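Notes follow the structure.
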Amino acid sequence: MRVIAVGCEYSGVSTLIKGLDDWGKQRGFQHHLDDHFTIPDAFHLSDEEQQAMLDMLPAIKERFQRFQLVYHVRLLHRYRHILLGGFHIEETIYGPRYY
0 MRVIAVGCEY
10 SGVSTLIKGL
20 DDWGKQRGFQ
30 HHLDDHFTIP
40 DAFHLSDEEQ
50 QAMLDMLPAI
60 KERFQRFQLV
70 YHVRLLHRYR
80 HILLGGFHIE
90 ETIYGPRYY
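For what it's worth, numbering that gives the first Met the number 0 labels the leading residue of the sequence shown as 0, then goes sequentially.
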């Protein structure tokens with residue numbers, strides 16, 4: 000199963016893909032799960048690192064996001080079961096806000 004879930008902040012996207020991951024585990028599916036496409040990534044970064052990400056020059060933020068997208072497109076081909084929160088759709092919506 001390959002799912003890209005999208006929604007505005009606090010709409011439940013992270014909860015949905017976590018629930019799908021748990022559901023899959025109960026049925027023997029091992030998903031690759033990534034839900035860190037929003038700037039700043041609140042899951043993997045400390046408060047200080049999040050602020051540093053927000054303070055970066057727009058061109059650097061854009062380059063970072065492009066690298067993220069390319070990396071995760073490769074994962075779509077590597078994993079049969081993958082859950083992505085936001086991904087390229089989030090980039091289209093939020094990109095102009097950041098750069």
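Glycine included, C-beta positions come from ideal geometry on N, C-alpha and C. Fair warning: this is a prediction, and the values are worked out from it, not measured in the lab.
Nearest candidate by alpha-carbon position, reference residue i, set the options
i   : options               : result
K60 : L15, R26 and D40      : D40
G18 : E48, H30 and C7       : H30
Q64 : G84, F36 and L56      : F36
G84 : E8, S13, L44 and C7   : S13
Y93 : H43, R77, I38 and H76 : I38
K24 : I81, R77 and E8       : I81
Between the CA atoms of residue j and residue i - distance to the nearest angstrom
i   : j   : result
L68 : F86 : 7 Å
A58 : R26 : 43 Å
T91 : Y9  : 18 Å
V2  : W22 : 13 Å
Local Cβ density within 10 Å of residue i, reported as buried at 16 or more and exposed below that
i   : result
A51 : exposed
E89 : buried
D54 : exposed
G11 : exposed
D46 : exposed
I16 : buried
D20 : buried
Near the ligand GDP: residue i beta-carbon under 7 Å from a heavy atom
i   : result
R79 : For the structure depicted, the ligand GDP is absent and the ligand set is empty, with no information on it obtainable.
Nearest-angstrom beta carbon gap, residue j and residue i [assumed within contact, 8 Å]
i   : j   : result
D33 : H76 : Wrong, their Cβ atoms sit about 14 Å apart, outside the cutoff.
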